[in-house]
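Asks:
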Amino acid sequence: MVEVKEIRPGVAIVIFNKEREVLLQKRADVNLWGIPSGHVEPGETVKNAAIREVFEETGLQVKIFRLIGVYSDPVSQIFQYPNGTVTHFVTCCFQAEVVAGELTVASPETLDLRYFPCDRLPADILKMHPLWLADALTPTVQSFIR
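Residue numbers for the sequence shown follow my numbering, beginning at 1 and rising by one.
#1: Does DSSP classify P117 as helix, strand or coil?
#2: Could you check if I7 is buried or exposed, using at least 16 other CB atoms within 10 Å of its CB as the buried criterion?
#3: Helix, strand or coil, according to DSSP, for A106 in the structure here?
#4: Counting only runs of 3+ residues fully inside the segment 30-77, write out the beta strand (DSSP E) ranges in chain order.
#5: Mark F65 as exposed unless 16 or more other C-beta atoms lie within 10 angstroms of its C-beta, in which case mark it buried.
#6: Using 8 Å as the Cβ pair cut-off and three pairs as the minimum, do the segment 42-58 and the segment 78-85 touch?
#7: On a Cα-Cα basis, can you pick out the residue from T87, N48 and E19 that is closest to E3?
#8: Thinking C-beta only, is I15 closer than 8 Å to V70?
#9: Please return the same chain residues whose Cβ sits closer than 6 Å to the Cβ of N17, not counting the five positions on each side in sequence.
#10: Quick one: what's H88 bridged to in DSSP?
Structure below.
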């Protein structure tokens, strides 16, 4: 096991289109697909971080309408970047709806953006994101804590 040197707050945002397909981002840092996500900046709320990250990475303006869950399990939340940095993330995952903007690869962090049917996700997806999506698809008013 590699040594974890930092813990960071993160956000992830599940966005469905009218066909109930989920928006995924091909990330430049790891060359994998995933739910749009990112870090919370100092002085920023998790809600505002989620809205900012979606806009920066997709060009879309969104409205957050539910907390899907908070994820901190080291099994899925410790991540090693290609540069060797190892980080333990505590991620607040939200569901949002698009209120404005055009889907655009708007950031060097993004290689591609595409909507996928929830039952046909790409094989090269970040390991924890299928669980987050499954939780998003679960009809409950209670948020998950994992």
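Glycine included, C-beta positions come from ideal geometry on N, C-alpha and C.
Replies: According to the structure data:
#1: Along the sequence shown, read from residue 1 onward, the residue named residue 117 stands at position 117. Reduced to three states, the DSSP call for P117 is coil.
#2: Position 7 of the sequence shown, counting from 1, holds the residue named residue 7. So I7 counts as exposed.
#3: On the sequence shown, position 106 is the one that residue 106 refers to. Coil at A106, not helix or strand.
#4: 37-39 and 60-71
#5: Residue mapping note: residue 65 aligns to position 65 of the sequence shown, counting from 1. Under this definition F65 is an exposed residue.
#6: no
#7: Counted from its first residue, the sequence shown places residue 3 at position 3. Of T87, N48 and E19, the residue nearest in Cα terms is T87.
#8: Stepping through the sequence shown from its first residue, residue 70 is reached at position 70. Stepping through the sequence shown from its first residue, residue 15 is reached at position 15. Contact flag unset, no.
#9: If you number the sequence shown from 1, residue 17 lands on position 17. Y115.
#10: Counting from one through the sequence shown, the residue named residue 88 turns up at place 88. In DSSP, H88 forms a bridge with I7 and I78.
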